[in-house]
Every structure is written in C-alpha cells, then in structure tokens.
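Asks:
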Amino acid sequence: MSNPKPSRYEDAGVSIDAGQQTVDLIKKAVQRTHGPNVLAGVGAFGGLFALDDLGPHPALVASTDGVGTKVALAAQRGRYRSIGHDLVNHCVNDILCAGADVKPLFFLDYVASGRLEPAHVAATVTGLAEACEAVGCALLGGETAEMPGVYQPGAFDLVGTIVGLVDHTRRYPFTSLSAGDVLLALPSSGPHTNGYSLIRKLVENVSLDEEIEGVGKLGEVVLEPHRCYLADLRKLATADVLVHSLAHITGGGLVDNLPRALPDGLSARIDTSSWTVPPLFRFLQQQGDIDTEEMFRVFNMGVGMIAVIPADACDAALVALSDSWLIGEVVEGDTLQWT
Numbered sequence: 000m001s002n003p004k005p006s007r008y009e010d011a012g013v014s015i016d017a018g019q020q021t022v023d024l025i026k027k028a029v030q031r032t033h034g035p036n037v038l039a040g041v042g043a044f045g046g047l048f049a050l051d052d053l054g055p056h057p058a059l060v061a062s063t064d065g066v067g068t069k070v071a072l073a074a075q076r077g078r079y080r081s082i083g084h085d086l087v088n089h090c091v092n093d094i095l096c097a098g099a100d101v102k103p104l105f106f107l108d109y110v111a112s113g114r115l116e117p118a119h120v121a122a123t124v125t126g127l128a129e130a131c132e133a134v135g136c137a138l139l140g141g142e143t144a145e146m147p148g149v150y151q152p153g154a155f156d157l158v159g160t161i162v163g164l165v166d167h168t169r170r171y172p173f174t175s176l177s178a179g180d181v182l183l184a185l186p187s188s189g190p191h192t193n194g195y196s197l198i199r200k201l202v203e204n205v206s207l208d209e210e211i212e213g214v215g216k217l218g219e220v221v222l223e224p225h226r227c228y229l230a231d232l233r234k235l236a237t238a239d240v241l242v243h244s245l246a247h248i249t250g251g252g253l254v255d256n257l258p259r260a261l262p263d264g265l266s267a268r269i270d271t272s273s274w275t276v277p278p279l280f281r282f283l284q285q286q287g288d289i290d291t292e293e294m295f296r297v298f299n300m301g302v303g304m305i306a307v308i309p310a311d312a313c314d315a316a317l318v319a320l321s322d323s324w325l326i327g328e329v330v331e332g333d334t335l336q337w338t
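As structure tokens, this is what we get:
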C-alpha cells in the first residue's frame, strides 16, 4: 500500500513562492520612499524610524483606514495602482486635521486576498509608494496576506496606517476659532473612498465603459483617486492664512464630519447654493431615487476638505487656492444650519 502524497501549503491555496515574488517586485518602489530616518524597512520584522530631529513640542498623530469596497471596482477595471494612491491620500488628509504643520512620517500597508497575484499586489504597492513619495512619507513596511476561503477569487482588501508629527501646542481646533470665522471649501475629485457599497449597487446594471452625458466614462469617474490636500494647505501657509481647524469630508459627509472640527457650543451655517454639485452625484441620486439629505450623509457632494479660517483671511485664501470657495460660516449653537 503506497503512502499518500505529502500535503503542502500550496495545496491549501497559499503560495510561499508568490509571496517572495511579490516582495521582490515591490522592493525598489518602497525603498525610493526611504530617507535617512528609516533604519529598517522592507524585509525586517518591524520598521524602524529615527526621531532625532523632532521639534520643541512633538506629538505623534496616527490614523488607520481602508479603501473599502472601491477595491471591487478597481479590481474589475484593473486599476490596482490608483487604489494605492486612494489609501495614502485618504490617510494623509485624516492626520492633517490634527493640527498645523503636520508632517507625514511613515506608512504601513496591509493587502489581503484569497489568492496572491504578485503583479496585482506589486501594482498596488507601487501606487502606495508613489503617493508616499509625493508627500515625503516613508513606506516603511506592510503585510501581504493570502487567505483562501476567506476572500472570494479576485477579491482583495487594502488598509493602511499612517504616522505623522505635529506640534501639540498647535492642535486643531485652535482656541481662537470663534463665531464669524468662515468655511473655505476645497473640491473633491469624486466620491473619494466613501459610499462605494451604494455606488456599486446603483451601477450594477450600467456598463463602466458607458459614456454618461455630463459625467464622462463611468468607470474612469468613479475610480478617480482620492485627492490629497497637503499641497493646498502649504499654499495657505505660504499666503499667511491662519487655519483654525480642518474637516476631512469622508464617511458621513458634511453632516457628520464638519461638527468634528468645531468645539462645543459652535456649529456652522452652510450655503448650499455656493457650489454646483458635480454631475456624478446627480447621476447617482437619479439612479437610486435617493433623498438629498441621504446624499449629503453618504457622499462628499463635491467638497473634500473644509478649512475654518478668520473672515479677514478670505481674499488671501481664495487667491492662494483659486479652485476653492466660501461655503458658509461658524455660528453659535450645536446644530448645522442649511440655507
């Protein structure tokens, strides 16, 4: 009687060789983000980042987030690289809301799938590295998990953690924030990374290759990467515009995110006529016959970030950021007002 064939890890759906191939493919892209502060990165059990040059009142700010079900559309279109930009830019924007002069330090990623496809993971991590390089952030390391039976064939998940540096005496919201301050809106590049479970449901019977009147090719518009606002905030700083607080408009829309940027006892009055909602959101609303209030709770509706600034800084801010606009003002109270 012959012995049964020995079992191997690959028989259970996990390829060690594919894992090593993935590391080899991403190594150069990741190392391009490393500066002198990186003491250990790809290949080490843990990343090391030196903090020798911290300022006088240093505090670390960290945020973890994911791309959500946008990854399903990205996989469908083969847009793995851009999804890496989505994740980094989202996380950078989150820590910018911690305070003035936030400096991104390093980023860690986690990619999970049912079956490891080295070329797909390499494209995703290359996108992460490109986005990190653009903001001066080290892609310090990450994890690639192959989990057959947990993820369906072709499905994957992408999450990440960013760590940055901020002077804790300059945390948002500033104590100088008061009623009468104005709200400067910075445009989004699309839905960013929120509301995609609903988007996928709304477009399930529409070809992503279809050209929608006034919108463009649907697959390209809905996968436009999340915009990063670091460069915009640096332009405001160069123009001597003092930002009192920031609100990144993510899940929950303006309704849930703007109050997070304001102290107790203060709210905001929003002028909904101050901007034209982008055509994609109008298309999605019509597709699902969605109530306007629900749209504003699910999507950013064209507003990706709001900076709270003094009223006398309006002119300088609008010159520094020519595509921004005033969306409202800070008022007394605890309830958002809409006009």
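For what it's worth, numbering that gives the first Met the number 0 labels the leading residue of the sequence shown as 0, then goes sequentially.
The beta carbon of each residue, even a glycine, is placed where N, CA and C say it ideally should be.
Note that this is a predicted model, so its numbers are computed, not measured.
(1) Answer yes if the stretch 149-162 comes into contact with the stretch 97-110, meaning at least three C-beta pairs across the two stretches below 8 Å, and no otherwise.
(2) Nearest-angstrom Cα distance between Ser6 and Ala121?
(3) Where in the stretch 51-121 do unbroken runs of the beta strand (DSSP E), each at least 3 residues long, occur, reported from the N-terminal end onward?
(4) Could you check which residue in Trp324, Ser321, Ser323 and Pro309 has the C-alpha nearest to that of Phe173?
(5) Taking one C-beta from the stretch 299-313 and one from the stretch 170-189 each time, how about it: are there three or more such pairs within less than 8 Å?
(6) How many Å lie between Asp263 and Gly215 at the Cα?
(7) Taking the alpha carbon of Val221 as the point to measure from, which residue in Thr68, Ala28, Lys27 and Asn36 has its own alpha carbon closest?
(8) Which whole-angstrom value describes the C-beta separation of Asn88 and Ala49, a residue pair presumed to lie in contact below a C-beta threshold of 8 Å?
(9) Give a yes or no on whether the C-beta atoms belonging to Ser187 and Gly301 are separated by under 7 Å.
(10) Quick check: Arg199 and Gly126, are their CB atoms within less than 7 Å of each other?
(11) I want to know whether the stretch 265-273 touches the stretch 318-330 - three or more CB-CB distances under 8 Å.
(12) Nearest CA to the CA of His167: which residue from Ala154, Lys27 and His56?
(13) Using 7 Å as the threshold, is the C-beta distance between Phe298 and Phe280 below it?
(14) Report the partner residues of Asp311 according to the DSSP bridge assignment.
(15) Give the DSSP-derived three-state secondary structure of Ala128 in the structure shown.
(16) Taking DSSP as the reference, what is the three-state secondary structure of Met300?
(17) Just mark Val37 as buried or exposed, buried being the case when its beta carbon has 16 or more other beta carbons within 10 Å.
(18) Between Leu139, Leu115, Val134 and Glu132, which lies nearest to Val149 when the distance is taken from Cα to Cα?
(19) Taking the alpha carbon of Leu157 as the reference point, which residue from Val29, Tyr195, Val202 and Asp108 has its own alpha carbon closest?
(20) In the DSSP assignment, find the unbroken beta strand (DSSP E) run with Ser387 in it and report its ends.
(21) In terms of residue numbering, what span does the alpha helix (DSSP H) encompassing Gly252 cover?
(22) Look up Phe173 in the DSSP assignment and say whether it is helix, strand or coil.
(23) Using a C-beta cutoff of 7 Å, does Arg78 count as contacting chain D?
(24) Would you report the Cα separation of Gln286 and Tyr195, rounded to the nearest angstrom?
Replies: According to the data block:
(1) The stretch 97-110 is in contact with the stretch 149-162.
(2) Position 7 of the sequence shown, counting from 1, holds the residue named residue 6. Position 122 of the sequence shown, counting from 1, holds the residue named residue 121. Interpretation of Ser6 is limited by its pLDDT of 49, a score under 50 that renders its predicted location unreliable; no figure is taken from the coordinates.
(3) As summarised for the stretch 51-121, the continuous beta strand (DSSP E) elements at least 3 residues long and confined to that stretch are 57-65 and 102-112, given in chain order.
(4) The residue labelled residue 173 in the question sits at position 174 within the sequence shown. The shortest C-alpha separation from Phe173 is found at Pro309.
(5) The stretch 299-313 is in contact with the stretch 170-189.
(6) Numbered from 1 along the sequence shown, position 264 holds the residue referred to as residue 263. Numbered from 1 along the sequence shown, position 216 holds the residue referred to as residue 215. Roughly 42 Å separates the two Cα atoms.
(7) Within the sequence shown, the letter at position 222 stands for residue 221. When only C-alpha atoms are compared, the closest one is Thr68.
(8) The residue given as residue 88 occupies position 89 in the sequence shown. The residue given as residue 49 occupies position 50 in the sequence shown. A Cβ-Cβ distance of about 25 Å is found for the pair Asn88 and Ala49, leaving them out of contact under the 8 Å criterion.
(9) Against the sequence shown, residue 187 aligns to sequence position 188. Against the sequence shown, residue 301 aligns to sequence position 302. Contact: yes.
(10) Here residue 199 is taken as the residue at index 200 of the sequence shown, counted from 1. Here residue 126 is taken as the residue at index 127 of the sequence shown, counted from 1. For Arg199 and Gly126, no; Cβs fall outside 7 Å.
(11) The stretch 265-273 and the stretch 318-330 touch, with no fewer than 3 CB-CB distances between them shorter than 8 Å.
(12) Taking the first residue of the sequence shown as position 1, residue 167 is located at position 168. With respect to the C-alpha of His167, the residue from Ala154, Lys27 and His56 having the closest C-alpha is His56.
(13) Along the sequence shown, read from residue 1 onward, the residue named residue 298 stands at position 299. Along the sequence shown, read from residue 1 onward, the residue named residue 280 stands at position 281. Against a cut-off of 7 Å, the Cβ pair of Phe280 and Phe298 comes out as a contact.
(14) Here residue 311 refers to the residue found at position 312 when the sequence shown is read from its first residue. Looking at the DSSP assignment, Asp311 forms no beta bridge with any residue, so it has no partner.
(15) For the purposes of this step, residue 128 is identified with residue 129 of the sequence shown, where counting begins at 1. In the structure shown, Ala128 sits in a helix (DSSP, three-state: H, G or I).
(16) On the sequence shown, residue 300 is found 301 positions in, with the first residue counted as 1. Three-state DSSP puts Met300 in coil, outside helix and strand.
(17) Translated into positions along the sequence shown, residue 37 becomes position 38. In the assembly as shown, Val37 is a buried residue. Its beta-carbon has 16 or more other beta-carbons within 10 Å.
(18) Taking the first residue of the sequence shown as 1, we reach residue 149 at position 150. For the options Leu139, Leu115, Val134 and Glu132, the alpha carbon positioned closest to that of Val149 is the one of Leu115.
(19) Sequence index remark: in the sequence shown, residue 157 carries index 158 (1-based). It is Asp108 whose Cα lies nearest to the Cα of Leu157.
(20) Since the displayed the chain opens at 0 and closes at 338, residue 387 lies outside it and no answer follows.
(21) In the sequence shown, residue 252 corresponds to position 253, counting from 1. According to the DSSP assignment, Gly252 belongs to the alpha helix (DSSP H) that extends over Gly252 to Asn256.
(22) As a working mapping, residue 173 is identified with position 174 in the sequence shown. Under the three-state reduction of DSSP, Phe173 is assigned to coil, being neither helix nor strand.
(23) Looking at the structure shown, chain D is missing, and only one protein chain is on hand.
(24) Translated into the one-based positions of the sequence shown, residue 286 becomes position 287. Translated into the one-based positions of the sequence shown, residue 195 becomes position 196. Each residue's alpha carbon lies about 14 Å from the other.
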